[in-house]
Structure formats: structure tokens, C-alpha cells
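The structure appears below as C-alpha cells.
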Amino acid sequence: RNRVAVLNVMIDVVTMKEAVETVKQFILQKKSHLVVTPNPEIIMMANKDEQLARIINNADLVIPDGAGVVWAARYQGDTMPERVAGYDLVQNLLIEAMSEKYKIYLFGGAPGIAEKAKKIAEERYPGVHIVGTRNGFFTKQDEFQIVNNIKASKPDILLVALGVPRQEKWLEEYKEELNIPVSIGVGGTFDVMAG
Ligand code: UDP
Numbered sequence: 002r003n004r005v006a007v008l009n010v011m012i013d014v015v016t017m018k019e020a021v022e023t024v025k026q027f028i029l030q031k032k033s034h035l036v037v038t039p040n041p042e043i044i045m046m047a048n049k050d051e052q053l054a055r056i057i058n059n060a061d062l063v064i065p066d067g068a069g070v071v072w073a074a075r076y077q078g079d080t081m082p083e084r085v086a087g088y089d090l091v092q093n094l095l096i097e098a099m100s101e102k103y104k105i106y107l108f109g110g111a112p113g114i115a116e117k118a119k120k121i122a123e124e125r126y127p128g129v130h131i132v133g134t135r136n137g138f139f140t141k142q143d144e145f146q147i148v149n150n151i152k153a154s155k156p157d158i159l160l161v162a163l164g165v166p167r168q169e170k171w172l173e174e175y176k177e178e179l180n181i182p183v184s185i186g187v188g189g190t191f192d193v194m195a196g
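Here the sequence shown stands for residues 2 to 196, numbered as in full-length UniProt numbering.
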């Protein structure tokens, strides 16, 4: 896949359709994959946070989440077909999940938000299989139990909403242990779904 630099992060040159197909391929491959959704704010953050920049640059799919990212790439003379927002990618993956029978886990958000997003997803995408939820407020000691619960649910896709950069750093720490085909840092997606 083609990548272009925006400041110190490399962004994939992908359309929404290609991003969805890429995630579907990741699920077939079984090994862990990380998807990140940098918007201009996150790119600015990565410019000052080397660990975040490294995680983004090692991610398996980096989508251009925001008109500003598309604009910056084009301004430099690079190709960038369209904005691929994290929220929209999640909705498209939930649509795929209906026919492909993907199992999805929602981790993060204030207490009750992931449950509400699950309910909304089940109404919006009939037959979608949300295998677990967990709020994003926890201590270090809770993490063992959280990781074990996610693993026991055997999701194909893990959506993590702890905010940037916490969600990316958390996923980096537990990626191998979790061994889930696709993990995505989704920021405020559950809040938007829950309304
Ligand atoms: N959040 C969380 N645990 C925390 C801090 C934040 O679960 O310790 C959640 C918060 O409730 C919200 C999401 O992380 O649902 C962050 O959303 P925001 O829109 O701030 O995301 P970003 O702008 O970082 O993508």
C-alpha cells in the first residue's frame, strides 16, 4: 500500500472501500492488526509524542481521518483520494459484520456508553454480533481481567475508545497478548453512536 507523509506520520493512500476491504483481509489472516485513524489534531500530537508517532507508523492501516489530512497531502502534491473517517469506517464494518458474521467487542467510553452503542448497533445493523462491552474507566489492576474478558469473547474486531493517545498505547501494550485479528482506536465513536 502507498503511504504519504503528513508531518512525521505516514498515512495510507486509501478510499473507504479499500479500507473496508483491507480490514476484511486482516480478519482472514488471523494475526493481530492495528488500525489507526489520525485526524489533524492527532497528527499534531504525534509531532510531539514520539511513541504515538512510532505506533502510527507501525500500524497496519492508517486512514486519513479528516478533510485537513486530505488537504495537507494534496497541498504537498501527494495523491489522497478521499477522507476516510474512523466513525464511518466503523459503521461500514458493522454493515459487513451483518453478512460476514464478524464478532465485535466495544471497549471504552464512560460507564453505560458502550452498552448503549451496542444497543444502537443492534437496532441499526440487525443480526450484528457484539460479543462484549467494557467501559474505559479502570485502574492498572483491572487490566488483567479486562484483557482476559476480551480474549474469552474471541472478537474478530476490537474497537477501543479511550481517547488518543491512550487507546493506541493500550493496544500497543496488549496487541500480542490479545491476538485479535483487528483492533481499531475509535476515539469518540461510541459517544456519537450513543447520541
Ligand atoms: N475515555 C475512556 N477512558 C478514559 C478517558 C476517556 O474511556 O480514561 C473515553 C471517553 O469517554 C470518550 C473517548 O474515550 O468516549 C474519547 O473520546 P474523544 O472524542 O475525546 O476522542 P479523541 O478526540 O481522542 O479521538
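Virtual Cβ for every residue (Gly too), placed ideally from N, Cα, C.
These numbers come from a predicted model, not from an experiment.
Collapsed DSSP secondary structure at residue i in the structure displayed
| i | result |
| --- | --- |
| residue 1 | Absent from the structure is residue 1, since the part of the chain shown begins at 2 and ends at 196. |
| THR23 | helix |
| VAL7 | strand |
| ALA159 | Sequence check: residue 159 is Leu here, not Ala. Here LEU159 sits in strand by DSSP. |
| VAL148 | helix |
| THR134 | strand |
| THR190 | helix |
| TYR175 | helix |
Beta-carbon gap between residue i and residue j smaller than 8 Å
| i | j | result |
| --- | --- | --- |
| VAL14 | THR23 | no |
| VAL7 | ALA111 | no |
| MET99 | GLY128 | yes |
| LEU53 | MET45 | no |
| LYS152 | HIS130 | no |
| ILE12 | PRO39 | yes |
| GLY109 | LEU163 | yes |
| THR134 | GLU123 | no |
| THR190 | VAL91 | yes |
| LEU107 | LYS119 | yes |
| VAL21 | ASN93 | yes |
| VAL165 | GLY196 | no |
Residues that residue i bridges to, as DSSP identifies them
| i | result |
| --- | --- |
| VAL183 | HIS34 and ILE158 |
| ILE12 | VAL5 |
Distance cut-off 7 Å: residue i Cβ against heavy atoms of the ligand COA
| i | result |
| --- | --- |
| GLY164 | Annotation note on the ligand COA: not contained in the displayed structure, which lists the ligand UDP as its ligands. |
> Is it true that the stretch 46-60 meets the stretch 72-92, where meeting means three or more beta-carbon pairs spaced less than 8 Å apart?
Replying inline: No, the stretch 46-60 is not in contact with the stretch 72-92.
> If you pair each beta-carbon of the stretch 171-191 with each one of the stretch 25-36, do three or more pairs fall below 8 Å?
Replying inline: Three or more beta-carbon pairs separated by less than 8 Å link the stretch 171-191 to the stretch 25-36, which places the two stretches in contact.
>> Threshold first: 4 residues or longer. Then list the alpha helix (DSSP H) segments lying entirely within the stretch 28-111, N to C.
In response: You should have 41-47, 51-59, 68-76 and 87-101.
> Looking at C-beta atoms only, is the number of pairs between the stretch 61-71 and the stretch 143-158 that lie closer than 8 Å three or more?
Replying inline: Segments in contact, no.
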